[in-house]
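So the sequences go chain by chain: A and B.
Its first residue numbered 1, the first sequence is counted upward by one per residue in the UniProt record's numbering.
Its first residue numbered 1, the second sequence is counted upward by one per residue in the UniProt record's numbering.
Every residue, glycine too, gets a C-beta built ideally from N, C-alpha and C.
There are 2 protein chains.
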Amino acid sequence: MTVSRFVERLGEFVPLCAREQAALGRLEERQRVVRRGATLVREHDVSTELCILQSGMMMSFVILADGSRQILRFLFPGDLISLPSLVYTTAPETVAALSDSVVCPFDRAMLAQLAMRQPRLFLAMVALDQAERVMLTDRLAGLGRTSAKARVASVLLHVRDRLRRFDGTVGDSFVPGLTQEEIGDATGLTAVHVNRMLRQLEEEQLIARESGRVTLLDERKLIRAANYVDRLSAIDLSWLPPAA
Amino acid sequence: MTVSRFVERLGEFVPLCAREQAALGRLEERQRVVRRGATLVREHDVSTELCILQSGMMMSFVILADGSRQILRFLFPGDLISLPSLVYTTAPETVAALSDSVVCPFDRAMLAQLAMRQPRLFLAMVALDQAERVMLTDRLAGLGRTSAKARVASVLLHVRDRLRRFDGTVGDSFVPGLTQEEIGDATGLTAVHVNRMLRQLEEEQLIARESGRVTLLDERKLIRAANYVDRLSAIDLSWLPPAA
DNA sequence: CGCCGGTTTGAAGGGCCTCAATCGGCGTGG
DNA sequence: CCACGCCGATTGAGGCCCTTCAAACCGGCG
């Protein structure tokens with residue numbers, strides 16, 4: 001058994017006792033490879049399984065009636081996938097791999113068991129999930145009320161922060177691993193316009209680009225232009241009851 | 001003590017034993033009135049309290065750097081307010097009353113206690129919260145990929161469904177209780193354009209209006225035009241472990 | 001009666017889209 | 001080894017959806 005990504009993730013914010021770490025480890029006993037471009041769950045398909053992303057990068061999205069796609073979320077190692085299957089037997093969103101990935105699937109009954117036996121741990125997981133919810137509302141506000149340039153900048157900052165959290169060596173320069181069409185589907189724009197916004201960010205000396213690699217030249221200004229907030233760095237789980 | 005709205009709400013989807021109902025009741029022991037227009041929590045303010053909305057209608061929103069507002073969510077009786085305060089000591093969004101409302105505030109420590117002592121109940125609450133998350137992603141997709149007309153229609157359908165769920169007598173005709181500016185701030189549009197979209201929906205015989213009251217004339221077509229899904233009617237909590 | 005918040009309507013402008021063509025990198029098959 | 005095909009990036013021209021600005025209208029309430 002490899003390292004539990006979820007223990008890593010949660011452990012950043014709250015100390016976990018051995019018993020709790022073991023419980024989380026049981027969620028990651030099975031492994032499944034998802035190749036770049038392949039889909040893990042398809043919208044409307046029946047699915048009562050959850051997953052933890054072990055390695056790679058994925059996304060969840062929906063396809064609308066007119067065929068357009070809206071990317072809901074980018075997924076990184078340690079992220080919990082398809083939590084909505086706790087309430088719906090049919091998946092509300094498609095999950096697909098942006099790069100070769102490994103996921104650890106487990107049944108929702110296992111999560112129920114964990115909630116019953118390790119309530120403190122479950123509480124911590126729920127709390128952390130609220131951070132995801134807030135990031136979702138950040139993006140909602142971005143789509144509703146900010147310019148195309150701001151939305152594109154926001155995606156760059158978000159992906160950089162998530163990559164860095166998993167791999168500390170990532171600095172101002174990184175490879176997003178997204179096509180301009182994917183950035184567009186995440187920001188509600190066309191690939192064409194994403195391209196123009198990237199060029200504009202480049203002309204304003206906010207970023208530099210070379211063959212897929214992006215460098216943030218003036219992070220301060222970029223954050224301001226994007227209306228960006230790093231929600232992961234403000235998390236506080238210190239109020240949790242102490243481990244048993 | 002009045003009826004627990006939260007028991008009503010959760011009880012729609014899963015049977016609750018007496019012990020569980022009592023535990024929920026304890027969350028609603030204190031009451032606080034919030035007048036129409038008043039704000040319960042302000043963004044960036046320190047707040048470790050949660051609330052359950054007893055009666056009335058509220059909204060949560062953020063104000064962006066340029067002063068524009070994005071409404072994140074409309075709140076109805078039985079809804080859990082400011083769950084994000086489980087992870088953040090400072091509120092990520094403002095909560096204000098759209099009509100005279102009553103809320104029941106309780107500390108997050110009480111929720112932690114409930115999670116520890118009534119894990120099944122807490123699991124049910126978390127599952128139900130996932131439905132909120134999915135509604136949020138529906139709105140995200142709406143903002144990113146649907147027309148102004150669809151977004152406005154979607155708000156009307158959403159509010160009608162929520163009102164009806166609380167008051168069964170609500171039919172195709174109802175009073176949204178929202179200004180056109182509020183609808184605009186929820187859909188990422190200007191009040192002016194919301195007005196034009198309402199007129200257009202009226203001209204197409206999809207809705208009728210008279211002094212604040214809206215009547216849905218062709219719900220089928222409206223749902224299709226709005227890309228709307230009623231996420232509350234598809235909820236399935238039957239897999240929950242049985243009550244103790 | 002006169003204010004005030006909300007609604008309604010018009011005209012003009014801009015941000016982003018659509019359509020379309022070119023270009024570059026890379027894997028594949030000849 | 002090279003030609004081809006394909007996907008993604010890039011760039012241009014034109015158009016539409018929604019915004020901005022402005023003014024008139026309406027109902028309610030002091």
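The ligand SAM heavy atom lying under 7 Å from the CB of residue i
i: Asp138(B); result: Among the ligands in the structure shown, none appear at all, so the ligand SAM cannot be discussed.
Environment of residue i [buried if 16+ CB atoms lie within 10 Å]
i: Ala38(B); result: exposed
i: Gly67(B); result: exposed
i: Gln180(A); result: buried
i: Thr146(A); result: buried
i: Glu203(A); result: exposed
i: Pro15(A); result: exposed
i: Ser185(B); result: As written in the sequence, residue 185(B) is Asp, which differs from the Ser given in the question. Buried, because 16 or more other Cβ atoms sit within 10 Å of the Cβ of Asp185(B).
i: Asp167(B); result: exposed
i: Pro242(A); result: exposed
i: Gln31(A); result: exposed
i: Gly171(B); result: exposed
i: Asp45(B); result: exposed
i: Ser85(B); result: buried
i: Thr94(A); result: buried
i: residue 316(B); result: Residue 316(B) falls outside the range modelled here, since chain B spans only 1 to 244, and no answer is possible.
i: Ala65(A); result: exposed
i: Ala131(B); result: buried
i: Arg213(B); result: exposed
As assigned by DSSP and simplified to three states, the class of residue i
i: Gln21(A); result: helix
i: Arg151(A); result: helix
i: Asp107(B); result: strand
i: Gln180(A); result: helix
i: Leu98(A); result: coil
i: Leu237(B); result: coil
i: Leu83(B); result: helix
i: Leu16(A); result: coil
i: Thr146(B); result: coil
i: Leu157(A); result: helix
i: Leu75(B); result: strand
i: Thr90(A); result: strand
i: Gly11(B); result: helix
i: Val229(B); result: coil
i: Val3(B); result: coil
i: Asp167(A); result: coil
i: Leu189(B); result: coil
i: Ala244(B); result: coil
i: Gln113(B); result: helix
i: Gln118(A); result: coil
Residue from the options whose Cα sits closest to the Cα of residue i
i: Ser60(A); options: Ala226(B), Glu93(B) and Leu140(B); result: Leu140(B)
i: Leu237(B); options: Glu49(A), Ala22(A), Gln31(A) and Val87(A); result: Val87(A)
i: Asp100(B); options: Asp107(B), Phe76(B) and Gly188(B); result: Phe76(B)
i: Arg220(B); options: Tyr228(B), Thr48(B) and Arg213(B); result: Tyr228(B)
i: Val62(A); options: Leu72(A), Gly56(A), Met197(A) and Ser55(A); result: Leu72(A)
i: Gln113(B); options: Thr89(B), Thr215(B) and Arg26(B); result: Arg26(B)
i: Cys104(A); options: Ala91(A), Pro119(A), Ile52(A) and Ala148(A); result: Ile52(A)
i: Ala19(B); options: Arg120(B), Ala186(B), Val159(B) and Ile81(B); result: Looking at the sequence provided, one finds Arg at residue 19(B) rather than Ala. Measuring from the Cα of Arg19(B), the nearest candidate turns out to be Arg120(B).
i: Trp239(B); options: Val159(B), Ala124(B) and Thr169(B); result: Ala124(B)
i: Arg199(A); options: Ala234(A), Ala243(A) and Val152(A); result: Val152(A)
i: Thr190(A); options: Leu189(B), Gly144(B) and Ser154(B); result: Gly144(B)
i: Glu182(A); options: Val3(A), Met57(A), Gln31(A) and Glu28(A); result: Met57(A)
i: Arg231(A); options: Ser47(A), Ile81(A), Leu157(A) and Ala22(A); result: Leu157(A)
i: Gln54(B); options: Val41(B), Gln70(B) and Val33(B); result: Val33(B)
i: Arg36(B); options: Ala234(B), Gly177(B) and Glu28(B); result: Gly177(B)
i: Ala115(B); options: Arg108(A), Val126(A), Phe106(A) and Asp107(A); result: Val126(A)
i: Val41(A); options: Leu136(A), Leu83(A) and Ala243(A); result: Leu83(A)
i: Leu10(B); options: Leu80(B), Met110(B) and Glu210(B); result: Leu80(B)
i: Thr215(A); options: Ser173(A), Thr137(A) and Asn195(A); result: Ser173(A)
i: Gly78(A); options: Phe13(A), Arg5(A) and Gln70(A); result: Arg5(A)
i: Val102(A); options: Val134(A), Arg213(A), Ile207(A) and Val3(A); result: Val3(A)
i: Thr187(B); options: Val175(B), Leu217(B), Gln205(B) and Ser154(B); result: Ser154(B)
i: Leu111(A); options: Ser211(A), Leu217(A), Ser47(A) and Ala23(A); result: Ala23(A)
i: Gln70(A); options: Ala96(A), Thr90(A), Leu50(A) and Glu49(A); result: Ala96(A)
i: Asp218(A); options: Glu43(A), Gly212(A) and Ile207(A); result: Ile207(A)
i: Asp107(B); options: Ser47(B), Phe74(B), Ser233(B) and Thr94(B); result: Ser47(B)
i: Ile223(A); options: Val192(A), His193(A), Arg160(A) and Phe13(A); result: Arg160(A)
i: Glu43(B); options: Leu201(B), Arg162(B) and Pro92(B); result: Pro92(B)
i: Arg196(B); options: Leu136(B), Ala148(B), Val134(B) and Ala109(B); result: Ala148(B)
i: Thr89(B); options: Glu49(B), Leu128(B) and Leu98(B); result: Glu49(B)
DSSP bridge partner residues for residue i (one or two, in chain order)
i: Phe174(B); result: Val214(B)
i: Ala205(B); result: Residue 205(B) is actually Gln in this sequence, not Ala. Gln205(B) pairs with nothing; no bridge assigned.
i: Val62(A); result: Gln70(A)
Quiz item: In chain order, which continuous runs of the alpha helix (DSSP H) of length 4 or greater are located wholly inside the segment 18-59 of chain A?
Solution: As far as the segment 18-59 of chain A is concerned, its whole alpha helix (DSSP H) runs of at least 4 residues are 18-26.
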